[in-house]
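Line by line, the protein sequences give chains A and H. Heads up, the first sequence is in this note's numbering, so the first residue is 365 and it goes up one at a time. Heads up, the second sequence is in this note's numbering, so the first residue is 365 and it goes up one at a time.
Protein chains: 2
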Amino acid sequence: MGTDSGERVIVRRGGDHTRRQAQRVALELFTSQGYEATPLRQIAEALGITKASLYYHFPSKEAILRSLFEDRAAEAEDLVAWLRTQPRSPELLETAVLRWVESFSADKLQGIRFMAANPLIARAMSSAEGGRVGANLTALADELVALLPSPGPTDGLLVRMSILSINAAVEAAAGTDTDDGDIITTAAAAARALLRLIMAGQDRG
Amino acid sequence: MGTDSGERVIVRRGGDHTRRQAQRVALELFTSQGYEATPLRQIAEALGITKASLYYHFPSKEAILRSLFEDRAAEAEDLVAWLRTQPRSPELLETAVLRWVESFSADKLQGIRFMAANPLIARAMSSAEGGRVGANLTALADELVALLPSPGPTDGLLVRMSILSINAAVEAAAGTDTDDGDIITTAAAAARALLRLIMAGQDRG
DNA sequence: GTCTATAGTGGGATAGAC
DNA sequence: GTCTATCCCACTATAGAC
């Protein structure tokens, strides 16, 4: 993914403007209707072009899906990479989880909504052997559980739940008119509550 | 179903045995692959019959889906009905949420997995005007928030999250070999932690 | 209650002109 | 880069025999 730092300075558009628009529209439709339930025709129509024209920009429907997913996976990869640079300590667990949850500014929440709306696809993509998305959230959770002094059998589950609290909050807010900022702060509060639960267990362990 | 005329005495099965089997198989496949991604042919094959035979038992694919969903929705309805018989108090919030979360014995978890795997469909069915599934979880959450002495803007979200903690736990456990019992007890612990969060906010409010 | 055969539809994908 | 036209296939659903 874009590991070069400059990201090509400025005017990137024109070259792939339609392609980016297609990704934006696809993300919306896949989120509101689901991937399988969204025909390419609908994406094309929203762009004002035909189905066939879409194939100039993407070789297949699945390629659109993958392009979306890889954008999101990059964020998890970045966090895992950062984790590896940090000194290992139990406190790092809380720091990492909150860093993850709070990294979602309102515009990035759309990515979480997409994942939450297509859980089976998100799972399949995470475990795809294609390479790319190796550093998924499960890997992150494993790294974090290993930080605990005496990890119990359900601690892995709790850590995963705390990481996924942003997903849970988005899912719980679906269908309501909850403010995006409220979703994020509530998810962070929930994550902290779960982490306290884990730490309390460590004391007893 | 009614070609009787005696002789049937006890053995009620056989009457809708295939139908029930179809529901069982459909629940499994819809959960592991998703509703849209599962062709009727696959369900039929798993039963050892043909696609056409399936149409003897269900008028459409959607009818299979609905039959599954209505079974699950009945549980939420029961809890809401029970809620209405209880004296109103803030303590009822915790009682109700835990009653819900812990009502999932291991065999019922499959229903939650189905919902978790098909969130868009679950949402669409919940808000379907067809009548039946009126008492969904959102309605339950609203009843519960109303029990709080001074409900804040994010309390509704937190209550929904605590109800959905069983879903969150199932989702977090997906892809791992977590024991079903551990999932339920962890979900209950998480629900309690979120409820404590809500109650702490009430003190300050 | 299950079968074979088939209708009918819609979607992903391609060919080739402009 | 976008179009029209088309292919191919898989799926839902139906018809009618046994």
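Every residue, glycine too, gets a C-beta built ideally from N, C-alpha and C.
If you drop the 5 nearest sequence neighbours on each side, which residues of the same chain put their C-beta closer than 6 Å to that of residue i?
| i | result |
| --- | --- |
| Ile485(H) | Tyr399 |
| Gly520(A) | Val509 |
| Gly379(A) | none |
| Ala557(H) | none |
| Thr395(A) | Arg477, Phe478 and Ala481 |
| Asp567(A) | none |
| Ala555(A) | Val461, Val465, Ser526 and Ser529 |
| Leu473(H) | Asp544 |
| Ala410(H) | Val389 |
| Ser417(H) | none |
| Thr542(H) | none |
For residue i, tell me which candidate among the options has the shortest Cα-Cα distance.
| i | options | result |
| --- | --- | --- |
| His421(H) | Thr382(H), Ile562(H), Ala552(H) and Val389(H) | Thr382(H) |
| Glu392(A) | Arg463(A), Thr449(A) and Gly475(A) | Gly475(A) |
| Ala536(A) | Ala537(H), Thr550(H), Ala538(H) and Ala505(H) | Ala505(H) |
| Met489(A) | Thr414(A), Lys472(A) and Ile428(A) | Ile428(A) |
| Thr540(A) | Thr518(H), Ala445(H) and Arg430(H) | Thr518(H) |
| Thr449(H) | Phe468(H), Glu507(H) and Ser469(H) | Glu507(H) |
| Glu315(A) | Ala555(A), Ser491(A) and Thr459(A) | This structure gives no information on residue 315(A), because the portion of chain A shown stretches from 365 to 569. |
| Glu426(H) | Arg436(H), Asp543(H), Pro403(H) and Ala554(H) | Pro403(H) |
| Ser431(H) | Pro513(H), Gln385(H), Ser514(H) and Arg560(H) | Gln385(H) |
| Phe468(A) | Gly545(A), Ser424(A), Ala554(A) and Tyr419(A) | Gly545(A) |
| Arg436(A) | Glu409(A), Gln387(A), Tyr419(A) and Ser514(A) | Gln387(A) |
Since residue i contacts residue j with CB under 8 Å, what's their CB separation in whole angstroms?
| i | j | result |
| --- | --- | --- |
| Ile562(A) | Val523(A) | 7 Å |
| Ser526(H) | Val444(H) | About 16 Å separates the two Cβ atoms, so there is no contact after all. |
| Ile413(H) | Ala390(H) | Not quite, the Cβ-Cβ distance comes to about 13 Å (not below 8 Å), so this is no contact. |
| Glu466(A) | Ile547(A) | Rounded, the Cβ-Cβ distance is 12 Å, inconsistent with contact. |
| Ala538(H) | Arg487(A) | 6 Å |
| Pro483(H) | Pro483(A) | 7 Å |
Does at least one heavy atom of the ligand ATP sit under 7 Å from the Cβ of residue i?
| i | result |
| --- | --- |
| Thr414(H) | For the ligand ATP, the structure offers nothing, since it holds no ligand at all. |
Might you give, ordered along the chain, the residues of its own chain that have their beta carbon closer than 8 Å to the beta carbon of residue i, omitting 5 neighbours on each side?
| i | result |
| --- | --- |
| Leu511(H) | Arg452, Ser453, Pro454, Leu456 and Leu457 |
| Gly495(A) | Confidence is the limiting factor: at Gly495(A) the pLDDT is only 45, short of 50, which leaves the residue's position unreliable, though a coordinate-based value still follows. Once the five neighbours on either side are set aside, Gly495(A) has no close Cβ partner at all. |
| Arg550(H) | For the sequence presented, residue 550(H) should be read as Thr rather than Arg. Excluding residues within five positions, the ones whose Cβ falls inside 8 Å are Ala533. |
| Ala470(H) | Asp544, Gly545 and Ile548 |
Take residue i and list the residues in its own chain whose beta-carbon comes closer than 7 Å to its own, dropping the five residues that flank it on each side.
| i | result |
| --- | --- |
| Ala564(A) | none |
| Asn531(A) | Ile476, Met479 and Ala480 |
| Leu447(H) | Ala460 and Glu507 |
| Lys415(A) | Leu404, Arg405 and Ala408 |
| Arg463(H) | Leu443 |
| Ser424(A) | none |
| Ala552(H) | Leu462, Val465 and Glu466 |
| Tyr419(A) | none |
| Arg560(H) | none |
Minimum length 3: unbroken beta strand (DSSP E) runs contained in the segment 377-439 of chain H: The segment 377-439 of chain H is shown to contain no whole beta strand (DSSP E) run of 3 or more residues.
Any alpha helix (DSSP H) of 4 or more consecutive residues that is wholly inside the segment 440-469 of chain H: Every alpha helix (DSSP H) of 4 residues or more that sits fully in the segment 440-469 of chain H is shown, in chain order, as 455-466.
In chain order, each alpha helix (DSSP H) run of at least 4 residues that lies wholly inside the segment 466-547 of chain A: List check, alpha helix (DSSP H) in window: 473-481, 483-490, 501-509, 519-527 and 529-537.
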